[in-house]
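Peer 1:
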(Lines of atoms letter the chains of each structure in order from A and count residues from 1; the text may use other names and numbers.)
(Lines give C-alpha, C1' and ligand atoms only; values in the text may rest on other atoms or scores of the structure.)
Protein backbone atom coordinates (compact mmCIF):
# COMPACT_ATOMS: atom_id res chain seq x y z
CA UNK A 1 0.00 0.00 0.00
CA UNK A 2 2.85 2.37 0.86
CA UNK A 3 4.50 1.57 -2.48
CA UNK A 4 1.32 2.46 -4.40
CA UNK A 5 1.05 5.75 -2.53
CA UNK A 6 4.69 6.56 -3.30
CA UNK A 7 4.16 5.83 -7.03
CA UNK A 8 1.10 8.13 -7.11
CA UNK A 9 3.03 10.98 -5.43
CA UNK A 10 6.01 10.63 -7.80
CA UNK A 11 3.70 10.47 -10.85
CA UNK A 12 1.90 13.63 -9.71
CA UNK A 13 5.20 15.47 -9.23
CA UNK A 14 6.45 14.45 -12.68
CA UNK A 15 3.14 15.51 -14.26
CA UNK A 16 3.23 18.90 -12.53
CA UNK A 17 6.81 19.48 -13.67
CA UNK A 18 5.87 18.61 -17.26
CA UNK A 19 3.02 21.14 -17.24
CA UNK A 20 5.30 23.82 -15.77
CA UNK A 21 7.90 23.16 -18.49
CA UNK A 22 5.24 23.39 -21.21
CA UNK A 23 4.04 26.75 -19.84
CA UNK A 24 7.63 28.06 -19.75
CA UNK A 25 8.26 27.35 -23.45
CA UNK A 26 9.08 30.53 -25.37
CA UNK A 27 6.32 31.98 -27.48
CA UNK A 28 7.23 31.79 -31.18
CA UNK A 29 7.92 35.15 -32.74
CA UNK A 30 6.09 36.34 -35.81
CA UNK A 31 7.64 35.16 -39.08
CA UNK A 32 10.18 37.42 -40.72
CA UNK A 33 10.96 37.38 -44.45
CA UNK A 34 14.47 38.23 -45.64
CA UNK A 35 15.98 38.14 -49.13
CA UNK A 36 19.57 37.79 -50.30
CA UNK A 37 21.42 39.26 -53.27
CA UNK A 38 25.07 38.57 -54.12
CA UNK A 39 27.04 40.75 -56.53
CA UNK A 40 30.77 40.10 -56.64
CA UNK A 41 31.98 40.09 -53.04
CA UNK A 42 28.96 42.09 -51.77
CA UNK A 43 26.08 40.43 -49.92
CA UNK A 44 22.83 42.36 -49.53
CA UNK A 45 20.15 41.18 -47.13
CA UNK A 46 16.78 42.93 -47.25
CA UNK A 47 14.06 42.74 -44.60
CA UNK A 48 11.00 41.99 -46.76
CA UNK A 49 8.31 41.60 -44.13
CA UNK A 50 7.35 40.58 -40.63
CA UNK A 51 8.63 41.45 -37.21
CA UNK A 52 11.54 43.85 -36.70
CA UNK A 53 14.82 42.17 -35.74
CA UNK A 54 17.28 43.29 -33.07
CA UNK A 55 20.64 43.08 -34.86
CA UNK A 56 22.44 43.02 -31.49
CA UNK A 57 21.00 39.53 -30.87
CA UNK A 58 21.55 38.15 -34.40
CA UNK A 59 24.18 35.74 -35.64
CA UNK A 60 24.91 35.49 -39.38
CA UNK A 61 26.60 32.41 -40.85
CA UNK A 62 27.78 32.44 -44.47
CA UNK A 63 28.93 29.61 -46.70
CA UNK A 64 30.07 29.53 -50.33
CA UNK A 65 29.36 26.38 -52.33
CA UNK A 66 28.75 24.55 -49.05
CA UNK A 67 31.99 25.67 -47.37
CA UNK A 68 31.73 27.98 -44.35
CA UNK A 69 33.68 31.21 -44.50
CA UNK A 70 36.87 31.20 -42.42
CA UNK A 71 35.70 34.47 -40.81
CA UNK A 72 32.02 35.04 -40.01
CA UNK A 73 30.56 38.56 -39.61
CA UNK A 74 30.06 39.62 -35.97
CA UNK A 75 26.98 41.76 -36.67
CA UNK A 76 26.77 44.59 -35.99
CA UNK A 77 30.32 45.68 -36.76
CA UNK A 78 32.34 48.38 -38.46
CA UNK A 79 35.62 46.58 -39.00
CA UNK A 80 36.02 42.81 -38.70
CA UNK A 81 38.50 40.21 -39.85
CA UNK A 82 37.58 38.83 -43.27
CA UNK A 83 35.32 41.74 -44.23
CA UNK A 84 35.84 45.18 -45.71
CA UNK A 85 35.17 47.97 -43.20
CA UNK A 86 31.89 49.82 -43.17
CA UNK A 87 28.93 47.50 -43.75
CA UNK A 88 25.78 49.46 -44.52
CA UNK A 89 22.36 49.50 -42.94
CA UNK A 90 21.66 47.70 -39.69
CA UNK A 91 24.84 45.58 -39.90
CA UNK A 92 26.87 48.77 -39.22
CA UNK A 93 27.62 49.23 -35.52
CA UNK A 94 26.71 52.94 -35.74
CA UNK A 95 23.22 52.23 -37.16
CA UNK A 96 19.95 51.72 -35.32
CA UNK A 97 20.06 48.05 -34.24
CA UNK A 98 16.35 47.63 -35.04
CA UNK A 99 16.12 46.08 -38.54
CA UNK A 100 12.71 46.83 -40.04
CA UNK A 101 10.81 46.12 -43.26
CA UNK A 102 12.41 47.74 -46.30
CA UNK A 103 15.90 48.09 -44.81
CA UNK A 104 18.87 46.49 -46.54
CA UNK A 105 22.06 45.44 -44.78
CA UNK A 106 25.17 44.93 -46.91
CA UNK A 107 28.61 43.60 -46.21
CA UNK A 108 31.64 42.95 -48.41
CA UNK A 109 34.04 40.06 -48.08
CA UNK A 110 37.72 40.96 -47.93
CA UNK A 111 40.36 39.09 -49.89
CA UNK A 112 41.56 37.68 -46.55
CA UNK A 113 38.41 35.56 -46.18
CA UNK A 114 38.13 32.07 -47.61
CA UNK A 115 36.54 30.80 -49.75
CA UNK A 116 36.16 33.74 -52.09
CA UNK A 117 32.95 34.33 -54.01
CA UNK A 118 33.30 33.62 -57.72
CA UNK A 119 30.56 34.28 -60.32
CA UNK A 120 28.12 31.38 -60.32
CA UNK A 121 28.94 30.34 -56.74
CA UNK A 122 26.06 29.41 -54.47
CA UNK A 123 26.07 31.60 -51.37
CA UNK A 124 24.07 30.50 -48.35
CA UNK A 125 23.32 32.84 -45.45
CA UNK A 126 21.73 31.62 -42.24
CA UNK A 127 20.42 34.18 -39.77
CA UNK A 128 19.78 33.30 -36.13
CA UNK A 129 18.21 35.26 -33.29
CA UNK A 130 20.17 33.76 -30.43
CA UNK A 131 19.79 30.03 -31.09
CA UNK A 132 16.53 30.42 -33.02
CA UNK A 133 16.77 30.20 -36.83
CA UNK A 134 15.25 33.25 -38.52
CA UNK A 135 16.12 32.61 -42.17
CA UNK A 136 18.08 30.33 -44.47
CA UNK A 137 18.78 32.18 -47.71
CA UNK A 138 20.53 31.12 -50.89
CA UNK A 139 21.58 33.07 -53.97
CA UNK A 140 23.83 32.61 -56.97
CA UNK A 141 26.68 35.13 -57.17
CA UNK A 142 26.74 37.35 -60.24
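Residue numbers (UniProt numbering): 1 to 142. For every residue, glycine included, the Cβ atom is placed at its ideal position computed from N, Cα and C.
How many Å lie between residue 66 and residue 134 at the Cα?
Peer 2: Each residue's alpha carbon lies about 19 Å from the other.
Peer 1: Would a C-beta distance cut-off of 7 Å place residue 104 and residue 42 closer than the cut-off?
Peer 2: Their beta carbons are not under 7 Å apart, which means residue 104 does not touch residue 42 by this criterion.
Peer 1: Does DSSP classify residue 50 as helix, strand or coil?
Peer 2: DSSP places residue 50 in strand when its eight states are reduced to three.
Peer 1: Taking only runs that begin and end inside the segment 103-138, name each unbroken beta strand (DSSP E) of 3 or more residues, in chain order.
Peer 2: Segments of the beta strand (DSSP E) lying fully in the segment 103-138: 104-108, 122-129.
Peer 1: I want to know whether the segment 113-133 touches the segment 84-97 - three or more CB-CB distances under 8 Å.
Peer 2: No: fewer than three Cβ pairs fall under 8 Å.
Peer 1: Can you tell which of 78, 61, 55, 48 has its C-alpha closest to the C-alpha of residue 96?
Peer 2: For the residues 78, 61, 55, 48, the minimum Cα distance to residue 96 belongs to 55.
Peer 1: Please state if the CB of residue 57 and the CB of residue 130 are separated by a distance shorter than 7 Å.
Peer 2: Contact: yes.
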